[in-house]
Amino acid sequence: DAKTTQPPSMDCAEGRAANLPCNHSTISGNEYVYWYRQIHSQGPQYIIHGLKNNETNEMASLIITEDRKSSTLILPHATLRDTAVYYCITSGTYKYIFGTGTRLKVLA
Amino acid sequence: SQTIHQWPATLVQPVGSPLSLECTVEGTSNPNLYWYRQAAGRGLQLLFYSVGIGQISSEVPQNLSASRPQDRQFILSSKKLLLSDSGFYLCAWSVGGGDSGSPLHFGNGTRLTVT
């Protein structure tokens with residue numbers, strides 16, 4: 001079973017920041033948090049990952065709480081092309097278990 | 109740079125027929141390899157993973173099997189397909205395990221319809 005919980009759906013206005021939450025209250029010390037997104041009929045695309053510190057790359061920012069029990073993916077200026085299902089997973093082994101993700105809809 | 113190839117992109121097979129899906133990775137050595145399945149409107153289900161040639165771990169009892177005959181080749185097979193085998197099959201690779209900060213990289217998938 002997936003070890004993360006995410007809201008099933010969210011809407012965001014185009015040009016605004018999209019903040020996608022993820023709860024991983026049972027995370028172990030050696031587990032990283034990974035974020036992916038999947039656009040319809042395509043393979044999931046890796047976005048970002050982190051262990052303890054906040055991370056930023058050209059796609060997004062990842063904010064991990066100090067107790068590591070939750071995190072937030074931030075898309076700073078959402079566009080229509082960011083409409084997708086976003087998955088948050090944690091893994092400390094060779095198993096990467098996906099949940100059902102958050103369906104983000106960016107509105108024009 | 110590393111690339112992953114999956115084929116075919118789409119496949120329609122009758123019930124009871126065999127299946128062979130192939131995945132290859134280029135640009136890296138000794139990758140960890142994975143097969144996932146996604147049923148329509150559902151999340152990704154981990155089917156198999158492999159950390160080396162001939163080493164296969166099965167996550168879900170099913171009508172499928174996997175093999176890794178070469179370092180960068182991963183094959184998903186079935187002797188007799190069932191209707192419930194329909195879905196979107198995805199191959200992925202990683203450098204290390206989840207505790208090393210190694211993300212998965214996915215192929216474009218094969219959409220299988222069993223009729």
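Protein chains in written order, with my numbering: chain A, 1 to 108; chain P, 109 to 223. Just so it is clear, CB atoms sit at the ideal spot from N, CA and C, and this is done for glycine as well.
Can you grab the Cα-Cα spacing for the pair residue i / residue j, in whole Å?
i	j	result
P:Phe196	P:Ser137	26 Å
P:Leu189	A:Thr56	44 Å
A:Gln6	P:Thr111	30 Å
P:Arg176	P:Leu198	15 Å
A:Lys69	A:Thr26	7 Å
P:Leu119	P:Leu127	10 Å
P:Ala174	P:Leu220	16 Å
P:Leu191	P:Asn171	11 Å
A:Gly99	A:Tyr87	7 Å
P:Ala147	A:Pro8	17 Å
P:Gln181	P:Asn216	16 Å
P:Gln178	P:Asp193	25 Å
P:Val123	P:Thr132	27 Å
A:Lys3	A:Ile63	18 Å
P:Ser125	P:Gln163	26 Å
A:Glu66	A:Lys52	7 Å
Identify which residue in the options has its Cα closest to the Cα of residue i.
i	options	result
P:Ser165	P:Leu184, P:Pro122, P:His213	P:Leu184
With 16 as the cutoff for other CB atoms within 10 Å, does residue i come out buried or exposed?
i	result
P:Arg150	exposed
P:Pro116	exposed
A:Thr90	buried
A:Glu58	exposed
Give the residues of chain B in contact with residue i, contact being defined as C-beta atoms less than 7 Å apart.
i	result
P:Gly195	Structure shown: chain B not included; protein chains present are A and P.
Hey, does residue i have any beta-carbon neighbour from chain A nearer than 7 Å?
i	result
P:His124	Reading the sequence as shown, one finds Gly at residue 124 of chain P and not His. For P:Gly124, the answer is no, since every Cβ of chain A falls outside 7 Å of its Cβ.
P:Pro116	no
P:Gly160	no
P:Asn138	no
P:Asp207	yes
P:Gly215	yes
P:Gly149	no
Nearest chain P C-beta to residue i closer than 7 Å, yes or no?
i	result
A:Gly43	yes
A:Thr100	yes
A:Ser91	yes
A:His24	no
A:Tyr86	no
Have a look at the DSSP bridge pairing and note the partners of residue i.
i	result
P:Gln134	Sequence inspection shows Glu at residue 134 of chain P; the Gln mentioned does not correspond to that position. P:Glu134 is bridged to P:Thr111.
A:Met10	A:Leu104
Tell me whether residue i, by its Cβ, gets closer than 6 Å to a heavy atom of the ligand NAD.
i	result
P:Gly217	With respect to the ligand NAD, the structure offers nothing, as it holds no ligand at all.
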